[in-house]
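Using full-length UniProt numbering, the first residue of the sequence shown is number 1, and each one after it goes up by one.
The structure appears below as structure tokens.
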Amino acid sequence: MTLRTATAIIDLPALISNFCYIKKQSPQGKVLAVLKANAYGHGLARIANALSESTNQADAFGVARLDEALALREAGITKPIVLLEGFFVHKDLDVIAEYELQTIIHNQEQLSLLCSATLAKPIKVWLKIDTGMHRLGIAPEEFRTFYGQLNQSKNVDPDIILMSHLSCADNAESQATPNQIALFNQVTEGLNKSKSLANSAGICLWPESHFQWIRPGLMLYGVSPISEQLSANQPNLKPVMTLQSSLIAIRNIAKGEAVGYGGTWQAPRDTTIGVIAIGYGDGYPRHAQNGTPVLVNDRIVPLIGRVSMDMITVDLGKNSQDCIGDIATLWGKGLPVENVAKCATTIPYELLCNISRRVQVTVK
Ligand SMILES: *Cc1c(COP(=O)(O)O)cnc(C)c1O
1 MTLRTATAII DLPALISNFC YIKKQSPQGK VLAVLKANAY GHGLARIANA
51 LSESTNQADA FGVARLDEAL ALREAGITKP IVLLEGFFVH KDLDVIAEYE
101 LQTIIHNQEQ LSLLCSATLA KPIKVWLKID TGMHRLGIAP EEFRTFYGQL
151 NQSKNVDPDI ILMSHLSCAD NAESQATPNQ IALFNQVTEG LNKSKSLANS
201 AGICLWPESH FQWIRPGLML YGVSPISEQL SANQPNLKPV MTLQSSLIAI
251 RNIAKGEAVG YGGTWQAPRD TTIGVIAIGY GDGYPRHAQN GTPVLVNDRI
301 VPLIGRVSMD MITVDLGKNS QDCIGDIATL WGKGLPVENV AKCATTIPYE
351 LLCNISRRVQ VTVK
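What follows is the structure in structure tokens.
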């Protein structure tokens, strides 16, 4: 018998289906597919290739680090690649020019370095304005100065893209997003340039934020960016990653017996528990609480006891028919990662990008 250890099944047709759904939300918009953090744990080159090959092609890719961009070029990706935090040090500029990468400019230091550099060819720039997130971006009052200097620099491609980032787009009630959209429109008014504002939540809930370039991350991977209370607005997405492992032990536990490190869980009645070969060493969240859902043989069973490095335990119930070798799904098809994240007091983003190198990958 060969038992499946922790395995992430990556469903590329689901990715393409999500991509098509996103395109439909913004038919005129170009798509910058966000692939940072190993494509949210799904495999950088794998996802980039899938969104380059088919008839459903992304228009550009977004990453956070220069190394991620270079890994994409090494994998043969020729599409535009945007560095979403810009460049960090002066020597990055030569690499950016050589590999025809695009960079965000979000502060004075970057502007000065770019304008004073001697480059083999001009670089394409996305100018980031802070419209309320207060993380990266130039102040609205600085915009005209930055824009003017970029326009005059021989190092800058004249086709400058204007962008900002939304802080509360997943909250349909919040006034923050209309305020950000209004400020973005005001600052960039009258400029015939491409503009970009929407992340996944903006794509779902705020059509006025779409402009010429949308920037989906989470949605591409089949995870809803908005809470389930907004059921009317729930996007039609399919999970791309399904995380599975198998039952490697099944044992009867008498009422009152404790299970796992610290003995933090005690059986409230006689029952059968299952041990599943996955733990925080695979990226399963250590802080998942008792009761976190796990899918075993088409039913949800609760996680019990502490998550170990290589194992978790679940309560299968007294008369369970489950066997060693049966597959358990930790999230994905049949069990949204959103539900698991909630039980681990985190967000789906963190669970997906924390999948460790030990996890085997199978591509559908
Ligand atoms: C990560 C990121 C996105 C994608 O956000 P999602 O919520 O995953 O859609 C878009 N734009 C920027 C600048 C980002 O850093």
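For every residue, glycine included, the Cβ atom is placed at its ideal position computed from N, Cα and C.
Opposing strand residues paired with residue i [DSSP bridges]
{"i": "PHE61", "result": "ALA33, ILE81"}
{"i": "ARG251", "result": "ILE273"}
{"i": "VAL314", "result": "GLY274, LEU303"}
{"i": "ALA328", "result": "SER245, VAL296"}
{"i": "GLN360", "result": "THR7"}
{"i": "ILE138", "result": "ILE129"}
{"i": "TRP265", "result": "VAL259"}
{"i": "ILE214", "result": "VAL31"}
Cβ-based neighbour list, residue i, same chain, cut-off 7 Å, excluding 5 preceding and 5 following
{"i": "LEU101", "result": "ALA69, ILE81, LEU83"}
{"i": "GLY262", "result": "ARG306"}
{"i": "CYS115", "result": "GLN149, SER153, ASN155"}
{"i": "ARG269", "result": "LYS255"}
{"i": "PHE143", "result": "ILE129, VAL187"}
Of the listed residues the options, nearest to residue i (C-alpha basis)
{"i": "ALA58", "options": "THR346, LEU220, SER245, ILE312", "result": "LEU220"}
{"i": "LEU32", "options": "VAL63, GLY41, ASN185, TYR40", "result": "VAL63"}
{"i": "GLY317", "options": "CYS168, SER246, ILE273, VAL223", "result": "ILE273"}
{"i": "THR177", "options": "CYS204, PRO239, ILE160, LEU119", "result": "CYS204"}
{"i": "ALA8", "options": "PRO239, THR271, SER52", "result": "PRO239"}
{"i": "GLY305", "options": "VAL296, ALA232, MET241, PRO285", "result": "PRO285"}
{"i": "GLY41", "options": "THR145, CYS323, ARG135, GLY222", "result": "GLY222"}
{"i": "ASP326", "options": "GLN212, SER245, GLY132", "result": "SER245"}
{"i": "LEU51", "options": "GLY29, LYS23, PHE19", "result": "PHE19"}
{"i": "LYS193", "options": "PHE61, LEU162, ALA288, MET309", "result": "LEU162"}
{"i": "LYS128", "options": "ALA120, LEU93, ASP322, PHE87", "result": "PHE87"}
{"i": "ILE104", "options": "TRP331, GLU85, LEU335", "result": "GLU85"}
{"i": "SER167", "options": "GLY332, HIS134, ILE300, ASN252", "result": "HIS134"}
{"i": "LEU93", "options": "LEU119, ILE77, GLY76, GLU173", "result": "LEU119"}
{"i": "GLU208", "options": "ALA169, GLY217, PRO235", "result": "ALA169"}
{"i": "ALA60", "options": "ILE138, ILE253, LYS79", "result": "LYS79"}
{"i": "THR345", "options": "GLN321, HIS287, ILE324, ALA182", "result": "HIS287"}
Any non-hydrogen atom of ligand 1 closer than 8 Å to residue i Cβ
{"i": "LYS23", "result": "no"}
{"i": "SER224", "result": "no"}
{"i": "GLY86", "result": "no"}
{"i": "PRO216", "result": "yes"}
{"i": "HIS42", "result": "no"}
{"i": "ASN18", "result": "no"}
{"i": "ALA48", "result": "no"}
{"i": "ALA201", "result": "yes"}
{"i": "TYR349", "result": "yes"}
{"i": "VAL294", "result": "no"}
{"i": "MET309", "result": "no"}
{"i": "LYS36", "result": "yes"}
{"i": "MET241", "result": "no"}
{"i": "HIS165", "result": "yes"}
{"i": "ALA64", "result": "yes"}
Residues near residue i in its chain [Cβ-Cβ closer than 6 Å; skip 5 each side]
{"i": "LYS36", "result": "VAL63, ALA64"}
{"i": "ASP157", "result": "PRO122, LYS124"}
{"i": "VAL275", "result": "ILE248, ALA249, MET311, THR313"}
{"i": "TYR99", "result": "ARG73"}
{"i": "GLY283", "result": "ASN354, ILE355, SER356"}
{"i": "GLY291", "result": "PRO302"}
{"i": "HIS106", "result": "GLY86, LYS128, LEU136, GLY137"}
{"i": "ALA39", "result": "ILE47"}
Residue i and residue j closer than 9 Å at C-beta
{"i": "LEU111", "j": "SER164", "result": "no"}
{"i": "ILE214", "j": "SER54", "result": "no"}
{"i": "ALA258", "j": "ALA267", "result": "yes"}
{"i": "SER227", "j": "LEU237", "result": "no"}
{"i": "ALA117", "j": "VAL359", "result": "no"}
{"i": "THR242", "j": "TRP126", "result": "no"}
{"i": "ALA75", "j": "ALA48", "result": "yes"}
{"i": "GLY217", "j": "GLN180", "result": "no"}
{"i": "ILE253", "j": "THR264", "result": "no"}
{"i": "LEU352", "j": "ALA328", "result": "no"}
{"i": "GLY260", "j": "SER308", "result": "yes"}
{"i": "residue 404", "j": "TYR147", "result": "The question about residue 404 has no answer here: the residues shown for the chain are numbered 1 through 364."}
Close Cβ partners of residue i (< 8 Å) along its chain, the five nearest in sequence each way excluded
{"i": "PHE211", "result": "GLY29, SER194, LYS195, SER196, LEU197, ALA198"}
{"i": "GLN321", "result": "ASN297"}
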